[in-house]
Structures are given as structure tokens and as C-alpha cells.
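Novice: In UniProt numbering, the protein residues as written are 1 to 349.
The C-beta atom is built at its ideal place from N, Cα and C for all residues, glycine as well.
Just so it is clear, the structure is predicted and the values come from calculations on it, not from any experiment.
Dropping a structure here in C-alpha cells format, bear with me for questions.
Right under this line is the structure:
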């Protein structure tokens, strides 16, 4: 049966672009293990991520809008799936390793907190060592899953997860100047860029659906440059990236300056009109209070809290509480807050 895996590896060697990452050339795992007879290493990583508990919890974690009532708003899970689809399309067109790309994309947000970046901001304030969701994503796959054993992913997938975040930094930082900020593989860099392509489009779409924006408020020159609909804009960005990268030899991801500038302007527009909108922030201030008080409560109390991870003996209580709170879904955090802090009605005995 192992012949099947070797055949897949041989096809990768023949068909992938020179700059692509071959499964057979992976730097390996922290704990060596017997290879699968059918799947290559990056396929196994993808499957481990999809089947882990942290991945399932993403369906009840905020993307932009807190606990939206409508069924069509994005959650953290649907965001991850959209990133994966965009990234795989790009990778196939560039003849990169689609298995590696998909694994990184599906795992890149496993460490996100409840209530999106509002939760991240609170934990960064409360935890003595600070908090970043991309570091927590790595912590999830290295330690927190499987009761302290982690998922034992390959080095390349872990690198892509750890370096996917860009905040409001450059969309395409120069490799020579900021290579330490970029994933080591082109597949990881594709995921990093696909993350931006996904969220500037689906967050804009959700903002219009929520009534925060009207279509006619989107800057006209951005519509003319990128497209009038979400699908048109995604297609413009993806096609430009593929065409420009191939024209440059395929060794480095490249986009035309006009498209990069348009994406950057669209991202700035979203920060001003959506992410920092007072209507969105009003509920996030309440959510931040929930996270803050839960964190402080569990520092002082063990009730309601059962540690499901076999931590090393020197792990601080702050660290364990941070992991516990960060792993919550929005609805679990709200339900737990009600159980801990709100009075319960008396029942008739």
C-alpha cells in the first residue's frame, strides 16, 4: 500500500513547479512517526486539522459581527474555508503543493479567541506574556489538542500557521527586507495573501448585508479597478496574482502595483467604516468585559473548570487560564459568564 504514497510523491516531483514544496522533502515532525501508506505528509496534516476539536469550534467564533442573527454572515469557520478555497486555486495555477497550502489555510486561525480581535485584545492585556492569535494557533496544534500531545504537524505547516498574520502591515512585503515576517514556503505565503483577499471581500459583503454600508458608498474607483461584486473582486485579485507571479518566473509572489494599492485602500476603508464602527464596537466592549471577568474569575477559582490538557509541571496558572478562555466559542463564553456571574431564579421545592 505504501506504493500509493510513493507514487503521489513521484508525481509531485515531476509536476510541481521548481519553487514548490515537495512532501517527500519535508523537514519532518517534532516526534518522528511511521508514514501513512496512502497519504503524503501534508495530506495527513490537513486531515488532523479538520478532525480536531479546535477546528469544529470555529463555527461559533466571531469573524466580524458578534453572534449575528442572520444565517448568511461569516463565522471564523467559513472565513477559514474561503481562505482555503482561494489559496488552493492560486496554488494549483502556480503548480505549488495544494496539500500543504490547504493544511496551512485550514489551521491558520485555530488559536482565535471568542469575539474575534476584541477577545485577542483583552487577552493580550491580561496575560503576562501577551497574546497573539497566530502564536496561539501554533500552541493549539503543538500542545492543546489531544490532551497535551498536540497534532504533531510537519515543520512546513507549523511555519505557515505561525507566520500567516500581517495585521495592517504590507500586503506583499519585500522578501529581501522582511523575509523573517513571511512563511518559508511559497505555499505559506499564498495562504497569507489569500487571507487578505478573503477578508477584505467577505467582510465588505457582510457589512453591506448588515446595513453598515450601502453599495454606493464603496469608493467608485475601487469598484472600477476591482469589480462590482465580491466574486468579481476576488477573481480580479487572484488572476492578477497568478499572472504577475508567472510573468516574473514563479519564484516569488507578485501583484501589479495598481491592484496592491487598491487592496490596501479597500482594507483601510474597511477599518474606518466597519472594524472601527461604533455600532460594531458597542457590543465588543461588552464582550471584552465578559472575557476580562472570566479570566480573572478562573485565576482565583477552580470550580466550573476542568483542565483537559496534561500540562508540564512548570506551566503557570495564567497560561492555563489563557488557553482555557482563548479556546471558548462566543456562545460558550456567554453561557459560562451567565452561570458564574448572574443570579439564578429560585425554584419551588
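(1) How would you write the range of the alpha helix (DSSP H) that residue 221 sits in, first residue to last?
(2) From this set, 331, 235, 110 and 229, which residue's C-alpha is nearest residue 50's C-alpha?
(3) Are the region 146-164 and the region 333-348 touching, with three or more C-beta to C-beta distances below 8 angstroms?
(4) As an exercise, report each continuous alpha helix (DSSP H) stretch of at least 4 residues that is fully enclosed by the region 75-135, in chain order.
(5) Below 8 angstroms, how does it come out for the region 55-72 and the region 267-284: are there three or more Cβ pairs, yes or no?
(6) I'd like to check one pair, residue 29 with residue 58: are the Cβ atoms closer than 7 angstroms?
(7) Check this for me: beta carbons of residue 189 and residue 182, under 7 angstroms apart or not?
(8) What is the rounded straight-line gap between the Cα of residue 230 and the Cα of residue 146?
(9) Between residue 9 and residue 24, which are expected to be in contact by the criterion C-beta below 8 angstroms, what is the C-beta distance as a whole number of angstroms?
(10) If contacts are defined as beta-carbon pairs under 8 angstroms, then residue 90 and residue 194 qualify, I think. What distance do you get, rounded to the angstrom?
(11) Using 10 angstroms around the beta-carbon of residue 321, count the other beta-carbons present and answer buried if the total reaches 16, otherwise exposed.
(12) Just checking my contact of residue 212 with residue 279 at CB under 8 angstroms: how many whole Å lie between their CB atoms?
(13) So for residue 39, helix, strand or coil by DSSP?
(14) For the 8 angstroms Cβ check, are there 3 or more pairs between the region 33-42 and the region 120-134?
(15) Inspect the beta-carbon positions of residue 227 and residue 236 and report whether they are closer than 7 angstroms.
(16) Suppose you measure from the CA of residue 259 to the CA of residue 240; what does that come to, to the nearest Å?
Specialist: Working from what's here:
(1) 220-226
(2) 110
(3) no
(4) 76-94, 98-107 and 116-126
(5) yes
(6) no
(7) yes
(8) 38 angstroms
(9) 4 angstroms
(10) 6 angstroms
(11) buried
(12) 7 angstroms
(13) coil
(14) no
(15) yes
(16) 8 angstroms
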